[in-house]
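Visitor:
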Amino acid sequence: MKLFKQLLLLIIGVFTILSCSQQKARRPISQSSGTFMKESAERNKKLIATEEAKIDSIIKSNPEMNYISSKKGYWYHYESKNELDTLRPKKGDVAYFDYEIKDLKGNIIYSDVELKPQEYHVDKEQKIMIGLRHGIKLMHKKEKITFLFPSHVAYGYHGDERRIGTNEPIICTVTLNDFKPEEKIIK
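What follows is the structure in structure tokens.
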């Protein structure tokens with residue numbers, strides 16, 4: 041009986057060793073060379089360069105406007121500037137603003153009347169385009185700024201699924217009417 045147990049353990053051990061040594065690492069079902077990502081990155085670089093060239097031509101055709109280049113990838117100029125106030129909207133504030141959107145040819149896509157006065161909880165909601173989220177934080181009360189947004193900081197690849205198309209850069213004129221800390225708002 042003792043010999044039988046030892047023989048059985050020896051057979052199991054041999055099968056275990058043989059079966060482990062014959063296993064090979066499994067390969068993924070589909071293998072990607074990374075070319076799709078490289079091609080996608082190249083397409084995006086070309087798209088951004090094309091949009092920036094269009095925006096650059098707008099800036100050059102209006103030399104009387106002092107356009108400022110932002111670190112976030114858009115350009116802007118002041119229509120009216122408030123040099124008396126020093127405060128700007130920050131996280132935890134609620135900003136009240138009006139804006140209109142045009143295409144790069146100056147055709148109105150959405151008027152400020154159509155868009156109604158807006159209320160935005162700074163850095164706490166995502167309902168407005170990313171460029172506008174950053175742009176509002178540059179403003180003082182009662183300032184009016186025109187932004188030139190490339191599509192990647194505007195409505196991007198999807199557009200707004202109504203009037204703004206795929207990868208469409210836009211001109212957005214914003215008036216910051218007021219902003220208040222969230223805790224001072226009576227509900």
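Under our numbering, the first residue of the sequence shown is numbered 41, with each subsequent residue one higher. Note that beta-carbon positions come from the ideal geometry of N, C-alpha and C, so glycine has one too.
Taking buried to mean at least 16 other C-beta atoms within 10 Å of its own C-beta, is residue 239 buried or exposed?
Guide: Missing from the structure shown is residue 239; the chain here goes from 41 to 227 and no further.
Visitor: Just to confirm before moving on: does the CB-CB distance between residue 120 and residue 177 stay below 9 Å?
Guide: Looking up residue 120 in the sequence shown gives position 80. Looking up residue 177 in the sequence shown gives position 137. Going by C-beta atoms, residue 120 is not nearer than 9 Å to residue 177.
Visitor: Kindly indicate which three-state DSSP category residue 152 falls into: helix, strand or coil?
Guide: Residue numbering aside, residue 152 sits at position 112 when the sequence shown is read from its first letter. In the structure shown, residue 152 sits in a helix (DSSP, three-state: H, G or I).
Visitor: So what's residue 141 in DSSP terms, helix, strand or just coil?
Guide: The residue you call residue 141 lines up with position 101 of the sequence shown. The answer is strand: DSSP assigns residue 141 an E or B state.
Visitor: Pull up the distance between the alpha-carbon of residue 110 and that of residue 75, whole angstroms please.
Guide: Looking up residue 110 in the sequence shown gives position 70. Looking up residue 75 in the sequence shown gives position 35. Approximately 32 Å between the Cα atoms of the pair.
Visitor: Can you list, in chain order, the residues of its chain whose CB lies under 7 Å from that of residue 167, leaving out five sequence neighbours each side?
Guide: Here residue 167 refers to the residue found at position 127 when the sequence shown is read from its first residue. Closer than 7 Å at the Cβ level, and outside the excluded window around residue 167, lies no residue.
Visitor: Figure out for me which residue from 201, 203, 106 and 212 has the closest Cα to the Cα of residue 173.
Guide: The residue given as residue 173 occupies position 133 in the sequence shown. Measuring from the Cα of residue 173, the nearest candidate turns out to be 212.
Visitor: May I have the straight-line CA-CA distance separating residue 140 from residue 214, to the nearest angstrom?
Guide: As a working mapping, residue 140 is identified with position 100 in the sequence shown. As a working mapping, residue 214 is identified with position 174 in the sequence shown. The straight-line gap from Cα to Cα measures roughly 7 Å.
Visitor: Can you round the beta-carbon distance between residue 112 and residue 193 to whole angstroms, since I take them to be within the 8 Å contact cut?
Guide: Within the sequence shown, the letter at position 72 stands for residue 112. Within the sequence shown, the letter at position 153 stands for residue 193. Confirmed, Cβ separation roughly 6 Å.
Visitor: Under 8 Å, with one C-beta from each stretch per pair, do the region 151 to 169 and the region 80 to 94 reach the 3-pair mark?
Guide: Touching, no.
Visitor: Just to confirm, is the Cβ distance from residue 98 to residue 144 under 9 Å?
Guide: The residue labelled residue 98 in the question sits at position 58 within the sequence shown. The residue labelled residue 144 in the question sits at position 104 within the sequence shown. Closer than 9 Å, so yes.
Visitor: On the three-state DSSP scale, how would you describe residue 120?
Guide: Within the sequence shown, the letter at position 80 stands for residue 120. It is a strand residue.
Visitor: With a 10 Å radius around its C-beta and 16 neighbouring C-beta atoms as the bar for buried, classify residue 171 as buried or exposed.
Guide: As a first step, residue 171 must be located in the sequence shown, where it is residue number 131. Per the 10 Å Cβ criterion, buried.
Visitor: Is it right to say residue 216 is buried, meaning 16 or more other beta carbons lie within 10 angstroms of its own, or is it exposed?
Guide: In the sequence shown, counting from the first residue as 1, residue 216 sits at position 176. When all chains shown are included, residue 216 counts as buried.
Visitor: What is the rounded straight-line gap between the Cα of residue 206 and the Cα of residue 198?
Guide: For the purposes of this step, residue 206 is taken as residue 166 along the sequence shown, with counting starting at 1. For the purposes of this step, residue 198 is taken as residue 158 along the sequence shown, with counting starting at 1. If you take the alpha carbons of residue 206 and residue 198, they lie about 5 Å apart.
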